[in-house]
Amino acid sequence: MTEKVTASIIKADVGGLPGHVLVPEEILEVARRNLQEAKESGEIIDFRVFNAGDDLDLVMTHREGVDSEKIHKLAWETFEKATEKAKELKLYGAGQDLLADAFSGNVRGMGPGVAEMEFTERKAEPLLAFLMDKTEPGAFNLPIFRIFADPFNTAGLVIDPSLHSGFVFEIWDIMESRRVFMKTPEEMYDILALIGGKSRFVIKRVYPKEGGKLPADEPVAVISTEKLYKIAGEYVGKDDPVALVRAQSGLPAVGEVIEAFAFPHLVSGWMRGSHNGPLMPVPFRYSKCTRFDGPPRVIGAGFQLANGVLVGPVDLFDDPAFDLTRQKAMDVADYIRRHGPFEPHRLPGEDMEYTTLPKVMDKLKTRFEEV
Ligand code: 13P
Ligand code: 13P
Ligand code: MG
Ligand code: MG
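For this note's numbering, count along the sequence shown from 1 and bump the result up by 1045.
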């Protein structure tokens, strides 16, 4: 037990209605009931349950720190109960992300995605949760970079003395399971050289620099980086990511965080996890992936923390200020869809989650002639 607060998002796809469109109310209700019990017994301080398309996202606050066996077990059991219900309803891909038969101390590597950070709650603590569907962890690279390092997005980097010295980025190489800490603004170009390759290098956490307003050892942003195909060794669903971002007073303002999502950048995922498409920010009510199982979407939930209690959520993209972004996303979706099976709509072979290419090549083996 510690006096610091921990915010955790633990998420899994336990089944979709229909196909991969969304998590139905029956499943959300199972999760809420289970977490409500945990709240009443004092295991967690507070919680909210969301669906990002077909992903069930548990947002929890507690005092157990990150990687707590207690909290991970609670999430795992919640997913198990939700899976039971999903099987009863014969939802599509029921239990899809629960890759292990039994819980063994930590959900990492067992299928669910995790974004957690422990920090000292400030006098006022704005906390924003971003939840995506039909894409991969690297989808957060562009917005997180822009929030904490791009002066054209975040005015505070230029005009607020408490942000002016920049931030530290923890970047993971998810292919080689290694990480590197890099500083902005001084290493900005090197950082971009890595994270522009978003299927391999992903931003895991952001920290304040030493000597600033906030403790340099407490993260200010964290992103889930689980890669399901690496865990299972074969395609079992996309690793739809989530993130937590703290804001204000030494950090980017809430509006500077949200601004980074005003450009619907291209991400990979979408149909069968094998296509590029625009990331569309939507209100909670549109958190369902329909057209060609998409396009990829993000919802934003805004909270203030009050001694660990979640005040909110505010539905951050439920705003006509994002209508143009959505319009542009749909224009891009329409344009790129017309490429059908051609790259760069379809992902290059090595990034595809489904592929018939080896079989096609095998069939043609004897018919290929030397040229
Ligand atoms: P207020 O003056 O409304 O507190 O806003 C300050 C701020 O940081 C806006 O981005
Ligand atoms: P999910 O990763 O959201 O389950 O979607 C998988 C898919 O195949 C969509 O077409
Ligand atoms: Mg699914
Ligand atoms: Mg999903």
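Think of the CB as a built atom: it goes at the ideal place given N, C-alpha and C, for glycine as much as any other residue.
Per the C-alpha coordinates, the member of D1099, L1062, E1166 and S1053 positioned closest to A1292 is E1166.
Here DSSP, grouped into helix, strand and coil, assigns N1079 to helix.
Of the residues V1159, F1212 and A1139, the one whose Cα lies closest to the Cα of K1118 is V1159.
According to DSSP, M1105 shares a beta bridge with S1053 and F1092.
Look at Q1141: its beta carbon is less than 8 Å from one of the heavy atoms in ligand 2. The stretch 1249-1265 makes no contact with the stretch 1301-1313; the number of CB pairs closer than 8 Å stays below 3.
Listed in chain order, the non-local C-beta contacts of P1188 below 7 Å within the same chain comprise A1305 and F1306, local neighbours out to five positions each way being set aside.
Non-local C-beta neighbours of R1383 in its own chain, meaning closer than 7 Å and more than five positions away in sequence, are absent. Inclusion of R1108 and A1346 in the CB contact set at 9 Å is not warranted, their separation being larger than that value. Spanning the alpha carbons of Y1399 and P1393 requires a straight line of approximately 11 Å. Shown here, R1153 sits in coil according to DSSP, grouped into three states, outside any helix or strand. Our two residues, P1326 and H1310, have alpha carbons roughly 11 Å apart in a direct line. Of the heavy atoms belonging to ligand 3, at least one sits nearer than 8 Å to the Cβ of H1065.
With 16 or more neighbouring CB atoms inside 10 Å of its own CB, N1198 falls in the buried class. In the structure shown, V1247 adopts extended strand secondary structure according to DSSP, grouped into three states. Across the structure, S1207 and F1190 are spaced so that their CA atoms are roughly 18 Å apart.
The shortest CA-to-CA distance from I1090 to any of G1098, Q1081, L1239 and A1097 is the one to Q1081. Taking every protein chain shown into account, the CB of G1256 has fewer than 16 other CB atoms within 10 angstroms, so this residue is exposed. In this model, F1124 and V1356 are separated by some 25 Å (Cα to Cα). In this structure, K1272 sits near P1182, with a CB-CB distance shorter than 9 Å. Residue pairing of K1228 in beta bridges, as defined by DSSP: V1213.
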